[in-house]
Amino acid sequence: MGEQIAFIGVGRMGSGMVGRLLAAGHQVAVFDPNPEAMVPLTRLGAWPADSAAVAVAFGSIVMTSLPGPDTVKATAAIVAREPRVEVFVDLSTTGPAAAQAVAKMLAPQGIAAIDAPVSGGVKGAASGKLAIMASGPVDALRRVEPLLAQLGKVYNVGEKPGLAQTVKLANNLMSAASLAIACEALAMGAKAGVDPAVMIEILNASSGRNSATQDKIPKHVLNRQFDFGFANALSFKDVRLCLDEAEALGVPMVVGAAVRQMLSITHNLCGPDADCTEMVKVLEAWSGVTIGAEGEK
228 MGEQIAFIGV GRMGSGMVGR LLAAGHQVAV FDPNPEAMVP LTRLGAWPAD SAAVAVAFGS
288 IVMTSLPGPD TVKATAAIVA REPRVEVFVD LSTTGPAAAQ AVAKMLAPQG IAAIDAPVSG
348 GVKGAASGKL AIMASGPVDA LRRVEPLLAQ LGKVYNVGEK PGLAQTVKLA NNLMSAASLA
408 IACEALAMGA KAGVDPAVMI EILNASSGRN SATQDKIPKH VLNRQFDFGF ANALSFKDVR
468 LCLDEAEALG VPMVVGAAVR QMLSITHNLC GPDADCTEMV KVLEAWSGVT IGAEGEK
């Protein structure tokens with residue numbers, strides 16, 4: 228018989244992870260502020276709860292996949308009032324300060340806090356191929372590791388709360404930086420008259436290749452779909468958290484500050500619902516070119 232799990236936040240990432248847990252035979256109660264998000268999971272066997280508090284009372288393990296630190300801390304406050312809960316696993320990207328605050332909030336109630344941010348996108352969540360960075364008490368991590376293994380590969384970062392979040396923020400900064408520099412390079416190539424598809428092929432056979440040139444741009448930009456599935460607003464949030472942490476640690480991030488500015492500009496020009504790949508539109512507007520199927524303006 229599987230574990231009884233409460234899962235709070237079943238958006239694009241959370242729904243894929245819940246699907247994996249259900250397929251592995253676990254019983255899962257779900258809650259999301261958007262009731263429609265729970266419908267597909269209900270069909271798969273999840274139990275839809277009317278509130279986070281009702282879901283949390285379902286099992287001894289609570290998992291969350293939420294947009295940011297404030298929602299995670301609010302959920303942790305609900306968890307702290309439920310005597311049945313033993314382990315709280317946050318799969319969101321919240322930053323070390325939030326992870327430490329959650330651990331401090333739950334410790335007096337005897338609830339172990341695991342921060343376990345993930346990387347791998349919507350496809351990775353659905354296929355169980357996420358990279359999961361986890362930090363927290365050894366015994367608690369050992370207990371939930373079989374669950375996390377259903378979602379992807381688990382990397383134990385250490386016992387100190389927030390260590391996994393530090394690694395995740397660094398990863399997301401590097402991912403955003405890769406996209407920003409690739410957009411600039413491709414805009415230059417397009418302005419000079421280079422076919423963007425040919426340029427991408429060359430870059431991916433050369434030392435400039437990165438996650439943007441290998442995945443985001445060829446699959447989601449050149450076809451003008453801009454549907455990678457990760458919001459620019461979330462990337463902006465993650466990079467802000469990363470730079471805040473770096474400042475607190477006394478680590479200068481000159482390049483990171485420029486990436487944050489590009490994300491801010493994209494947010495202002497393309498709107499709060501823009502996909503992260505729409506950053507390319509900023510460079511296109513500035514350069515007077517189109518990178519992809521439409522050719523030069």
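For the sequence shown, counting from 1, position 10 maps to 237 in our numbering; every step adds exactly one.
Here a beta-carbon is modelled for each residue, glycine too, at the ideal position from N, C-alpha and C.
**Request:** Quick one: grab the DSSP three-state call for L268.
**Result:** Three-state result, L268: helix.
**Request:** Please state if the CB of V478 and the CB of A404 are separated by a distance shorter than 8 Å.
**Result:** Pairing A404 with V478 gives a Cβ-Cβ distance that is not under 8 Å.
**Request:** Measure the alpha-carbon distance for A280 versus Q336 and round it to whole angstroms.
**Result:** In a straight line, the C-alpha of A280 is about 16 Å away from that of Q336.
**Request:** Thinking S292 and G238 are a contact (beta carbons under 8 Å), I'd like their distance in whole angstroms, please.
**Result:** With a Cβ gap of about 7 Å, S292 and G238 count as contacting.
**Prompt:** Do you know offhand how far S433's Cα is from P310's?
**Reply:** Looking at the two C-alpha atoms, the distance is approximately 56 Å.
**Sheet register partners of N383 (DSSP bridge)** = Beta-bridge pairing links N383 to A361.
**Asked** Can you tell me whether A485 is buried or exposed, with buried defined as 16 or more other CB within 10 angstroms of its CB?
**Response** By the 10 Å Cβ count, A485 comes out exposed.
**Asked** Does DSSP put P499 in a helix, a strand or coil?
**Response** The DSSP-derived three-state label of P499 is coil.
**Message:** I want to know whether the segment 320–340 touches the segment 383–402 - three or more CB-CB distances under 8 Å.
**Reply:** Output reads yes: the segment 383–402 touches the segment 320–340.
**Request:** For N495, count neighbouring C-beta atoms within 10 Å of its own C-beta (all shown protein chains included) and say buried if the count is 16 or more, exposed if not.
**Result:** By the 10 Å Cβ count, N495 comes out exposed.
**Prompt:** How close, in whole Å, do the beta carbons of V289 and A273 come, if the pair is a contact with beta carbons under 8 Å?
**Reply:** Not confirmed; about 14 Å, so no contact.
**Request:** Return the CA-CA distance between V245 and F285, expressed in angstroms with no decimal places.
**Result:** The straight-line gap from Cα to Cα measures roughly 15 Å.
**Request:** Go through its chain and collect everything with a Cβ distance to R451's Cβ below 6 Å, but skip five positions before and after it.
**Result:** Excluding sequence positions up to five before and after R451, its CB lies within less than 6 Å of the CB of G519, A520, all in the same chain and listed in chain order.
**Request:** Indicate the three-state DSSP secondary structure (helix, strand or coil) for K524 in the structure shown.
**Result:** Bear in mind that the predicted position of K524 carries a pLDDT of just 40, short of 50, making it unreliable; the figure below should be weighed with that in mind. Residue state, collapsed to three classes: coil.
**Asked** Would you call I232 buried or exposed, if buried means 16 or more other Cβ atoms sit within 10 Å of its Cβ?
**Response** I232 comes out buried.
**Prompt:** For M290, which beta-bridge partners are listed by DSSP?
**Reply:** M290 pairs with F234, V316.
**Message:** Tell me the residue span of the beta strand (DSSP E) that contains I518.
**Reply:** Here I518 belongs to no beta strand (DSSP E), and DSSP marks it neither H nor E.
**Message:** Can you find the residues in the same chain that come closer than 7 Å, C-beta to C-beta, to M415, ignoring five residues on each side of it along the sequence?
**Reply:** Taking M415 as the centre and dropping the five residues before and after it, the same chain places no C-beta closer than 7 Å to its C-beta.
**Message:** Suppose you measure from the CA of E313 to the CA of S346; what does that come to, to the nearest Å?
**Reply:** In this structure, the straight-line span from the alpha carbon of E313 to that of S346 is close to 25 Å.
**Request:** Return helix, strand or coil for P479, following the three-state DSSP convention.
**Result:** In this structure, P479 counts as coil in the three-state DSSP scheme.
**Item:** Beta-carbon gap between A339 and P364 smaller than 8 Å
**Value:** Closer than 8 Å, so yes.
**Item:** L413 versus D502 - alpha carbon distance
**Value:** Each residue's Cα considered, the two are about 18 Å apart.
**Asked** Who are the Cβ neighbours of A367 in its own chain at under 7 Å, not counting the five residues just before and after it?
**Response** These residues qualify, in order along the chain: V314, A339, I341.
**Prompt:** Taking the DSSP output, what are the residues bridged to V345?
**Reply:** Bridge partners of V345: I359.
**Item:** A334 - containing alpha helix (DSSP H), residue span
**Value:** Following the DSSP letters along the chain, one finds A334 in no alpha helix (DSSP H), marked with neither H nor E.
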